[in-house]
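Residue numbers (this note's numbering): 1 to 348.
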């Protein structure tokens, strides 16, 4: 039962990154690919039907973590307290930027919210990537199961690191470039005209940079946490998910060559889902690694609630998960096709 919940939580957070990743990427790119007010409204119109629904997966993943592994959630929230608040502020600023920019017909007002939207969209994947880097590297968990770290110390690895060091910043930059490339493919698929052309032109170079950073990040992870690769040999799931993200890269390449941007977008989703799931499979059963002593690790076995709670939660999860999948499918089906900028005073 603990294994099942470990994967349910991992899959929901991975789906969140895939789903919210493309609207983060669109936010990062929109100042570059949309030059006029109408073009920026086109970008917002492309992500508008999806962005708040995408964040449901973050709430669902967090709720599942709270239900099944409350020690991990409590330890993470207390240890990353300051970083968590930065994430919350960025999520709020993204939402109100999208909603507020069209409420006043003034250029300065719109430029302010456009800039806020771009900055918040850029910071969030860096912070989420740094969080993943902390999970892969480990944190100074003590025997009580808690830790506290500042945002940064010396940017070097050690038993008392900050949230940000050279490794977690590297994973944050890799995440930022990956979701930006993911967003470029989404915009190339959903838009036409100048926004489509600029997004298409950026997608290829961005995916080249993703490949380069993937190699660098993989090499750095082998130095920071060599044990994660030693576990690969005994984990068929890790090999399966590795095949998924390598196959996703192949689809991205094929889609870009043939100008089939939906195919390339699906490939980028498979790449992100596969690389996160492969990382989870390599870490299992560890959920939060201690840099002080392996005996202090929080795992799916020592941090879960009892079997009665897991079985009860599973009933609600089996009801909620298909609804969330069905709702996401309905949204993409209902808003299929190329997007047009809404008339002034309507939509975003």
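Cβ coordinates follow ideal geometry from the N, Cα and C atoms, glycine included. Model, not experiment: these values are computed from the prediction.
Option nearest residue i by Cα separation, candidates the options
i	options	result
residue 148	112, 139, 154, 155	139
residue 349	252, 194, 326	No answer is possible for residue 349: the residues shown for the chain start at 1 and end at 348.
residue 252	64, 293, 182	182
residue 342	28, 41, 31	41
residue 243	278, 13, 123	278
residue 262	118, 151, 188	188
residue 43	54, 30, 21	30
residue 9	62, 335, 256	62
Beta-carbon proximity of residue i to residue j, cut-off 8 Å
i	j	result
residue 146	residue 79	yes
residue 155	residue 165	yes
residue 72	residue 303	yes
residue 338	residue 178	no
residue 102	residue 116	no
residue 180	residue 25	yes
residue 157	residue 224	yes
residue 18	residue 83	no
residue 248	residue 267	yes
residue 176	residue 220	no
residue 91	residue 124	yes
In DSSP terms, what residue i is bridged to
i	result
residue 290	139
residue 85	Answer is none; residue 85 lacks a bridge partner.
residue 152	164
DSSP-derived helix/strand/coil call for residue i
i	result
residue 299	strand
residue 278	helix
residue 221	helix
residue 93	helix
residue 339	coil
residue 66	helix
residue 157	coil
residue 71	helix
residue 311	helix
Contact test: residue i Cβ vs the ligand NAP heavy atom, cutoff 7 Å
i	result
residue 127	Among the components of this structure there are no ligands whatsoever, and the ligand NAP is therefore not found.
Count Cβ pairs between the region 1-9 and the region 31-41 that sit closer than 8 Å; are there 3 or more? They do not touch, by the three-pair rule.
Taking three-plus beta-carbon pairs below 8 Å as touching, is the region 62-71 in contact with the region 304-318? Yes, the region 62-71 touches the region 304-318.
Contact between the region 276-295 and the region 232-243 is defined here as three or more beta-carbon pairs at a separation below 8 Å; is this criterion met? Enough Cβ pairs lie closer than 8 Å, so yes.
Looking at C-beta atoms only, is the number of pairs between the region 43-58 and the region 257-273 that lie closer than 8 Å three or more? Below 8 Å, too few C-beta pairs join the region 43-58 and the region 257-273 to call them touching: fewer than three.
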